[in-house]
Amino acid sequence: MLSVTTAISRAGFRRAASVVASSPAAPSKIRLPNIALCRALSTTGALGAPPARDRMREIVAQTINSIGSKREGQQYLKLFTSVSSQKFAVIKVGGAILTDHINELCRSLLFLYELGLYPVIVHGAGPQLNRLLEEAGVEPQFEEGIRVTDAKTLGIARRLFLEENMRLTDHLDALGVATRSISGVFTADYLNKEKWQYVGKITKVNKAGIEKSIEAGYIPILTSMAESTDGRLLNVNADVAAAELARALEPLKVVYLSEKGGLFDGEGEKISHINLDAEFDSLMSQSWCRYGTRLKIKEIKELLDTLPRSSSVAIIHPSDLQKELFTDSGAGTMIRRGDKIRKVTSIDEFEDLEMLKTTLIRDREGLDAEATVDRYIDFLKENPFAAYYDDTMQCLAIVMPPNQDRTMGTLATLTITKPGWLTNVAENVFAAVKKDNPRLAWTVSESDENLTWFFEKADGSFNQNGNVLFYYGCDFKDPTFAPVFDDFVTHGRAMLGDSNLEARLRRAAQAASESLGRVHAAQQARGYSAAASTAAQPK
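The opening residue of the sequence shown carries number 1 in the UniProt record's numbering; numbering runs sequentially from there.
Written as structure tokens, this is what we have:
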């Protein structure tokens, strides 16, 4: 009854090389056929002998499977490898993370490195700087939340940032992670010299050093320090530096590592996902959305408004980096611009009928598929339905309302591309469907690679002959559910008849196959008859 299709590829991978005296050549790209995650490695003694590397790859593969399903791992791998290496992620590391969680951070970065992932790291050192200033007899000063940076403060900050940068690279190098400290990335003007003194406003991001480092197999590690055009060092907040770097690189993921591991609502519950297009105004009106939380959400919105819709921001604890990147559920708070979900109740309301046809037929190419889709659209013209979809139809759901024969709505057709799965379009469409349909039933093949997602969306399920009936909003013993259940037991996934496109396509393919079989048999019979007739001719 339900067709879940995929077309192309929630998070990007390449290859790695170890640290050597001179820059190594970029390791060759390879295909990743499955979750085994085999990749070519350029290694030195620091990274171990080949058997050790093979064992590391095996551990990485097992780790991905342990934090999520095989489907999730494979899909996120494909998404990450679909972009150039520098467009994978920008990760902002706060000073407190470097002080209290450096081992967890480095283990997480080792994991990504072993997958061939090269996030760009930007770090600060705020808490450490406060401590050093106090020890030096300098009282930290802030104006409007921005540190006033005089010459003495700047000198201390410069030395500290270099020390923290070296400490992080040393930890990673000890694990066999090839890193490269890069300076001169940020060019800045004075933000307001009279007010904040040596504080910069970034005017340019120089990407060349970052891109060359990644091409050579190194993870770039940057401080948030910037330089003016006349060579003056300027202090820049690490959050601001990470945002400007993200605007320049346009990565799939912007990650802010946080000791708290995410944003929290008024009841102290972690917010797992924020769809800014749909939720921003509502969040800003909440009494608990104040101070740092309010500022952070506003800053993230300003950042995402300048990035492609495929980009997202995650606020997570460093120990949860793998789970956030490789599972649908994530671990911290993921923030996206989201997608505007449209709803129509007649074919005439679709702005682009050809796009609808293309969406319905994608990954369904076969005998009589186009004609079957045309007949399905004709069916929808004559029957009540509601269709939910995003602007580019990465996800399309068609719901048939309750009728005299069925007391609850049914999800008749669902088609989702891999980007639709990974960028939460599917979540948004399903949320819109659920809002309008308090009770719903649908079926999925037991072999569907996204079966776990459907289990998460359902209150209950029933398995029969390789098909699964899912439902929510009612109890299995609810008498209004009985007709749906009986229909499924009797007809399986064909329970919706003509309202289900997949059932139509199966019938059309079967009929076409049988027709071809009859034609082939007739041709064989004619051939045999002709041969027999020829053999019977006198010579």
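Cβ atoms here follow ideal geometry from the backbone N, Cα and C, with glycine treated the same way.
Pairwise C-alpha distance: residue j and residue i
i	j	result
asparagine 465	leucine 422	30 Å
serine 258	leucine 98	11 Å
asparagine 437	leucine 396	16 Å
alanine 242	serine 224	8 Å
serine 319	asparagine 235	29 Å
aspartate 368	glutamate 354	17 Å
alanine 125	alanine 238	9 Å
lysine 195	glutamate 144	10 Å
asparagine 206	serine 272	34 Å
leucine 380	aspartate 363	21 Å
arginine 147	phenylalanine 161	15 Å
glutamate 279	lysine 296	15 Å
leucine 154	phenylalanine 186	16 Å
tyrosine 389	lysine 457	18 Å
arginine 342	glycine 332	28 Å
lysine 434	cysteine 106	41 Å
glutamate 114	methionine 400	47 Å
aspartate 459	asparagine 424	21 Å
alanine 89	aspartate 374	43 Å
residue 542	alanine 426	For residue 542 there is no data in the structure shown, the boundaries of the chain being 1 and 539.
tyrosine 118	leucine 321	14 Å
serine 23	alanine 216	Low per-residue confidence applies at serine 23: pLDDT is 37, beneath 50, and the placement is therefore not dependable, though the value from the model is reported in the following sentence. One C-alpha to the other measures close to 6 Å.
aspartate 339	lysine 253	17 Å
arginine 493	asparagine 467	7 Å
threonine 179	aspartate 100	21 Å
aspartate 281	methionine 334	17 Å
Residue environment, residue i, which counts as buried when at least 16 other CB atoms sit within 10 Å
i	result
threonine 415	buried
tryptophan 442	buried
threonine 417	buried
tyrosine 376	buried
glutamate 302	exposed
phenylalanine 142	exposed
tyrosine 256	buried
tryptophan 288	exposed
phenylalanine 476	exposed
residue 541	With the chain running from 1 to 539 in the structure shown, residue 541 is simply not present.
threonine 490	exposed
aspartate 305	exposed
tyrosine 291	exposed
threonine 229	exposed
phenylalanine 488	buried
glycine 95	buried
aspartate 265	exposed
glutamate 134	exposed
threonine 345	exposed
One or two residues paired with residue i in a DSSP bridge
i	result
residue 543	Residue 543 falls outside the range modelled here, since the chain spans only 1 to 539, and no answer is possible.
tyrosine 389	Arg342 and Leu396
threonine 223	His123
phenylalanine 462	Leu469
arginine 336	Asn275
serine 319	Partner(s): none; serine 319 has no beta bridge.
valine 444	Val468
valine 93	His123
Residue i, DSSP secondary structure in three states
i	result
phenylalanine 88	coil
cysteine 106	helix
valine 138	coil
aspartate 189	strand
asparagine 165	helix
asparagine 450	coil
arginine 439	coil
methionine 400	strand
alanine 331	coil
glutamate 143	strand
lysine 204	strand
alanine 7	Below a pLDDT of 50, predicted positions are generally treated as unreliable, and alanine 7, at 33, falls in that range; the measurement from the model is reported next regardless. Note: alanine 7 maps to coil in three-state DSSP.
arginine 362	coil
lysine 29	Reliability of the predicted coordinates at lysine 29 is poor, the pLDDT of 35 falling under 50, and the value obtained from them is presented with this limitation in mind. Coil at lysine 29, not helix or strand.
isoleucine 182	coil
lysine 313	The sequence given here has valine at residue 313, not lysine. Three-state result, valine 313: strand.
tyrosine 376	helix
valine 177	coil
asparagine 383	coil
serine 213	helix
glycine 492	helix
histidine 101	coil
Q. Curious, which full-length alpha helix (DSSP H) runs of at least 4 residues does the segment 234–300 contain?
A. 238–249 and 276–284
Q. At which residue ranges does the segment 408–440 contain complete alpha helix (DSSP H) runs of 4 or more residues, listed in the order of the chain?
A. 418–422 and 425–436
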